[in-house]
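First to last, the protein sequences are chains H and V. Each residue of the first sequence is one higher than the last, beginning at 3 in this note's numbering. Each residue of the second sequence is one higher than the last, beginning at 3 in this note's numbering. Note that beta-carbon positions come from the ideal geometry of N, C-alpha and C, so glycine has one too. On a predicted model such as this, the values are computed, not experimentally measured, just so you know.
2 protein chains.
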Amino acid sequence: MPFYIGLLHYPVYNRSGEVIVSAITNLDLHDLARLARTYGVERFYVINPLIDQQDLARRIRSHWVSGHGAEYNKDRMEAMSLIAVVATLEEAIAEIREKEGTAPILVATDASNDRGETVPYSFVRGIAMSHRTVLILFGTAWGMARELIRDADYLLEPILGVSGYNHLSVRTAAAITLDRLFSQN
Amino acid sequence: MPFYIGLLHYPVYNRSGEVIVSAITNLDLHDLARLARTYGVERFYVINPLIDQQDLARRIRSHWVSGHGAEYNKDRMEAMSLIAVVATLEEAIAEIREKEGTAPILVATDASNDRGETVPYSFVRGIAMSHRTVLILFGTAWGMARELIRDADYLLEPILGVSGYNHLSVRTAAAITLDRLFSQN
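Following this line, the structure appears as structure tokens:
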């Protein structure tokens, strides 16, 4: 069950529903890298088409993997070393295909429940248990573009709390998603 | 099942195991407030004994509840209005007692598994379902002080991923904890 996660900064919506490139958020990289390390993720793709944003993400990674951060905090180094910075989803898929010998099954996530037919967490857990390669995608800003969700193999059901309120940060939504899919307690 | 959460900035450990007061992190307030709103939390206590840190937390809250942020984002307003800033855990408990007519059952959380006997998530879920008042405590920095855990009624079992690595951010750990205790899907 090699599985991968991707954090998309394009194509995503802004507040007005326009497609934009979102900016790298430092704590997203830290929180998702630590989650990745906790839940046994092979690699965490930070996906952003802008060169300066890729550079920023790479500088953050380097600081913790081979810079002063690595001496300061070995646990963080282990987590941050799972980050790979790429320009596009296609690039991430190509890398995974090269490493695993097969293209990953693409699983999109979204907070809304009007973006297409969804599958339950148990379904994706089942796929992962069957030793197939899976790439789970998380959108930043106001969520990933519809065409990307349509092109994915599956769309996970949204996280329901108790209130109908579904405005979690991508950090906490990713935490809940990975825990539901892969926790052992 | 009225339940409350508290984010402790004292007494917590630093990296060297000394007891310190930690600083307010802006995104902790946002992420935990949004989680609180999602999972039906009555109130989210931000606990910090330093006046300037309390002021900072109150300014952040005000911006989103009654300032420009409230006009900009009503969803965030709903979440941030759940924040209450207090100096001590005792103050939070006193407020809850006044509101609910009973002191809350204190549930501590910790990433380590050497801090005392733990209870499973199902146990705390059972308490909450039995309509008792619960306050779940999250520590910042390197975790809450042992004496605080000892004084709590229960200590939740740590979050196990698949790897033995247990260095999540308090944001993602709180997300997983609340989802395990209160999710409906």
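Test: residue i CB closer than 8 angstroms to a CB of chain V
i	result
Asn-168/H	yes
Glu-80/H	yes
Val-164/H	yes
His-133/H	no
Thr-40/H	yes
Leu-37/H	yes
Ala-177/H	yes
Leu-29/H	yes
Asp-112/H	no
Asp-153/H	no
Asp-218/H	Residue 218/H falls outside the range modelled here, since chain H spans only 3 to 187, and no answer is possible.
Asp-181/H	yes
Coarse secondary structure for residue i, derived from DSSP in three states
i	result
Met-146/H	strand
Gly-166/H	coil
Ile-49/H	strand
Val-136/H	strand
Leu-29/V	helix
Tyr-12/V	coil
Leu-183/H	helix
Leu-108/V	strand
Ala-113/V	coil
Tyr-41/V	coil
Leu-34/V	helix
Ile-85/V	strand
Val-23/V	coil
Residue i vs residue j beta-carbon contact at 8 angstroms
i	j	result
Leu-157/V	Gly-128/V	no
Met-131/V	Leu-139/V	no
Trp-144/H	Asn-50/H	no
Val-14/H	Ile-7/H	no
Val-136/V	Ile-85/V	no
Leu-180/H	Val-126/H	no
Ile-107/V	Asp-77/V	no
Leu-29/V	Leu-29/H	yes
Residue i versus residue j: straight-line alpha-carbon distance, rounded
i	j	result
Thr-90/H	Glu-80/H	24 angstroms
Arg-152/H	Leu-10/H	15 angstroms
Gly-42/H	Leu-170/V	13 angstroms
Asn-75/H	Ser-18/V	12 angstroms
Asp-54/V	Pro-122/V	37 angstroms
Arg-99/V	Glu-93/V	10 angstroms
His-65/H	Val-87/H	14 angstroms
Glu-44/V	Gly-141/V	19 angstroms
Ala-113/H	Ser-165/H	13 angstroms
Phe-46/H	Ala-105/V	44 angstroms
Gly-71/V	Arg-148/H	28 angstroms
Thr-40/H	Arg-60/H	21 angstroms
Glu-97/V	Ser-68/H	48 angstroms
Tyr-12/V	Ser-24/V	7 angstroms
From the options, residue whose alpha carbon lies closest to that of residue i
i	options	result
Arg-174/H	Arg-36/H, Asn-16/H and Ile-62/H	Note that residue 174/H corresponds to Thr in the displayed sequence, not to Arg. Measuring from the Cα of Thr-174/H, the nearest candidate turns out to be Arg-36/H.
Ile-95/V	Met-82/V, Val-109/V and Ser-83/V	Val-109/V
Val-172/V	Pro-13/V, Tyr-6/V, Leu-31/V and Ile-22/V	Leu-31/V
His-133/H	Val-121/H, Gly-103/H and Pro-160/H	Gly-103/H
Ser-83/V	Leu-34/V, Leu-162/V and Glu-149/V	Leu-34/V
Asp-116/V	Tyr-47/V, Arg-182/V and Pro-160/V	Pro-160/V
Asp-57/H	Thr-27/H, Thr-40/H, Asp-77/H and Asn-168/H	Thr-27/H
Gln-186/H	Ile-178/V, Phe-5/V, Gln-186/V and Met-3/V	Ile-178/V
Asn-168/H	Tyr-12/V, Ala-38/V, Met-3/V and Leu-29/V	Ala-38/V
Leu-162/H	Ala-72/H, Ala-154/H and Thr-111/H	Thr-111/H
Pro-4/V	Lys-101/V, Leu-52/V and Ala-154/V	Lys-101/V
Cβ of residue i within 8 angstroms of any chain H Cβ
i	result
Thr-174/V	yes
Phe-184/V	yes
Pro-33/V	Checking the sequence, you will find Asp at residue 33/V rather than Pro. Yes, Asp-33/V lies at the interface with chain H (some Cβ there is under 8 angstroms from its Cβ).
Leu-52/V	no
Ser-171/V	yes
Arg-77/V	Reading the sequence as shown, one finds Asp at residue 77/V and not Arg. Yes, its Cβ sits closer than 8 angstroms to a Cβ of chain H.
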